[in-house]
Ligand code: NAD
Ligand code: UGA
């Protein structure tokens, strides 16, 4: 099929950047990203590119090159479905918070709504592409809804999971390790696969475009995230061993990572992984395994989550015990709130859980993050429902200056690995803190020796704690 118009449903962290790159590399194709969230679409259309709804290095440049030419953002979902030959579904697929599978299974209601809307309004044949991360076999359900509720037009379903990581999304999209496209293996399935291959071929070498059957593609996405998260939990488990033995986790990571069979990436020990996907996708994998009666497989992957929760709790506990078993009334400064550097995304950030545990101990927390708004921070905390909002606002303050945030504090906790933290005037920070002044480096980004020379008590993850 010759694709002239693409519609992407969902203008989020995936839909926005992915479609911006597809539009940039395919000037002959009109790409419209639609969303039911009017505020989000208005921000995507804002003249001032610093106001785009997501912060992603390099995104503003691609949007400025393409928006209004062949990239559009709109709330008119129906019209754009009707006008397109290919429709990407890139809506959120969070963990279910109710009913059967609560806390584990993927909540597929947004995906189903998209399928029903497409079926309702489509007047010509469409290729429907799953861009969202979905449980294996979802394509069968989507196909069923489309065929049963549509008006007789033909639908082909493809799975094209996205592997970008936030903070490096534009580079990941520009030079992906691979693009994965799963589809039906009959004639019309293969034609649909080829249509999508042609779009990616505009900039991705053919040998990096992998085509598979639908189920391999859907499952590979969950498995890729599970493997990545597993490496972090593995090294974080080692960090606890290091703290009890005098080994240094960064030295161990380097030593094992130089073995080319293990590899050096994704071995950075931390306060725990966050982000909207690792936990949700592993829980989903665990749920699928359990549903299939594969309990040992489910237990195996669930351990990755158990260890991650443990790492966050361990970090909070270490602050508590180091500060002489009481943080009540003490001020602790958090540097960083986003789940990783170079993003304003806070979903499942370790900072939220560490703050929650310390607030329960009646600590005062002051937060500085270069990109996260105070509204977002309070909304993250309120979402946990551990305390009422007034108490959260009373105990936790957000500051837009790191030096004021750390003023008079007993300890600093590094929750996100923002590069700028390394360049701060640490002597100035030390001088204005209560003594002894502690740094709990949840990302191991600061130089222990330099800080100890200033006078700090420095505690990194997986570095010896006396
Ligand atoms: P997001 O929450 O940022 O964006 C989803 C958007 O979909 C929202 O703006 C929402 O308003 C919109 N939406 C929901 N239902 C809709 C409907 N019926 N019609 C129109 N719009 C609708 O989510 P995201 O981070 O972009 O993730 C989307 C999917 O991609 C998820 O399945 C996720 O697992 C997957 N994924 C995310 C990342 C990432 O880095 N964030 C990377 C790879 C894959
Ligand atoms: C991750 C995957 O890397 C992407 O391939 C995938 O597309 C995406 O999930 C998704 O499906 O949403 P993302 O969550 O954006 O991307 O960011 P990562 O770089 O993977 O980091 C995730 C978390 O792990 C962060 O909190 C990060 O700080 C932490 N991390 C990462 C570590 O603690 N140590 C590491 O060595 C690497």
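In this note's numbering, the protein residues as written are 8 to 473. Glycine included, every Cβ here is placed at the ideal spot set by N, Cα and C. Only a predicted model underlies this, so the values are computations on that prediction, with no experimental measurement involved.
Inter-residue spacing [alpha-carbon to alpha-carbon] between residue i and residue j
i: residue 214; j: residue 63; result: 28 Å
i: residue 38; j: residue 10; result: 10 Å
i: residue 205; j: residue 32; result: 11 Å
i: residue 47; j: residue 24; result: 14 Å
i: residue 189; j: residue 135; result: 12 Å
i: residue 431; j: residue 410; result: 9 Å
i: residue 14; j: residue 26; result: 9 Å
i: residue 176; j: residue 22; result: 11 Å
i: residue 305; j: residue 291; result: 10 Å
i: residue 405; j: residue 196; result: 52 Å
i: residue 429; j: residue 461; result: 14 Å
i: residue 234; j: residue 439; result: 43 Å
i: residue 75; j: residue 339; result: 47 Å
i: residue 210; j: residue 463; result: 50 Å
beta-carbon residue i near ligand 2 non-hydrogen atom, thresh 7 Å
i: residue 239; result: yes
i: residue 347; result: yes
i: residue 232; result: yes
i: residue 277; result: yes
i: residue 140; result: yes
i: residue 169; result: yes
i: residue 81; result: no
i: residue 422; result: no
i: residue 3; result: Shown here, the chain extends from 8 to 473; a query on residue 3 therefore has no answer.
i: residue 97; result: no
i: residue 283; result: yes
i: residue 229; result: no
i: residue 280; result: yes
Host alpha helix (DSSP H) of residue i (start-end)
i: residue 389; result: 381-391
i: residue 304; result: 302-329
i: residue 205; result: 194-207
i: residue 124; result: 116-128
i: residue 263; result: 256-264
i: residue 455; result: 455-461
i: residue 240; result: 221-252
i: residue 293; result: 285-298
Closer than 7 Å: residue i CB and nearest ligand 1 heavy atom
i: residue 178; result: no
i: residue 74; result: no
i: residue 42; result: yes
i: residue 353; result: no
i: residue 22; result: yes
i: residue 65; result: no
i: residue 471; result: no
Residues of its chain near residue i, where Cβ-Cβ distance is below 8 Å and the 5 sequence neighbours each way are ignored
i: residue 83; result: 41
i: residue 399; result: 366, 385, 388, 389
i: residue 66; result: 23, 24, 27, 59, 176, 177
i: residue 408; result: 375
Cutoff 8 Å: residue i Cβ touching any chain B Cβ
i: residue 274; result: Protein chains in the displayed structure number just one, and chain B is not present.
Cβ shell of residue i (< 6 Å), same chain only, five flanking positions each side left out
i: residue 369; result: 335
i: residue 448; result: 421, 467
i: residue 279; result: 315, 318, 319, 357
i: residue 79; result: 39
i: residue 311; result: 236, 237, 240, 289
Host beta strand (DSSP E) of residue i (start-end)
i: residue 79; result: 78-81
i: residue 39; result: 37-41
i: residue 466; result: 464-467
Closer than 7 Å: residue i CB and nearest ligand 4 heavy atom
i: residue 172; result: For the structure depicted, ligand 4 is absent and the ligand set comprises only ligand 1 and ligand 2.
Cβ-based neighbour list, residue i, same chain, cut-off 7 Å, excluding 5 preceding and 5 following
i: residue 425; result: 343, 348, 377
i: residue 72; result: 31
i: residue 98; result: 16, 17, 117, 118, 121, 139
i: residue 108; result: 294
i: residue 92; result: 8, 10, 11, 12, 133, 134
i: residue 345; result: 351, 352, 353, 356, 376, 378, 379, 423
i: residue 223; result: 189
Three or more C-beta pairs under 8 Å: does that hold for the stretch 157-172 against the stretch 221-234?
yes
Counting Cβ pairs closer than 8 Å, one from the stretch 298-309 and one from the stretch 123-130, do we hit at least three?
Counting Cβ pairs under 8 Å, fewer than three are found: no touch.
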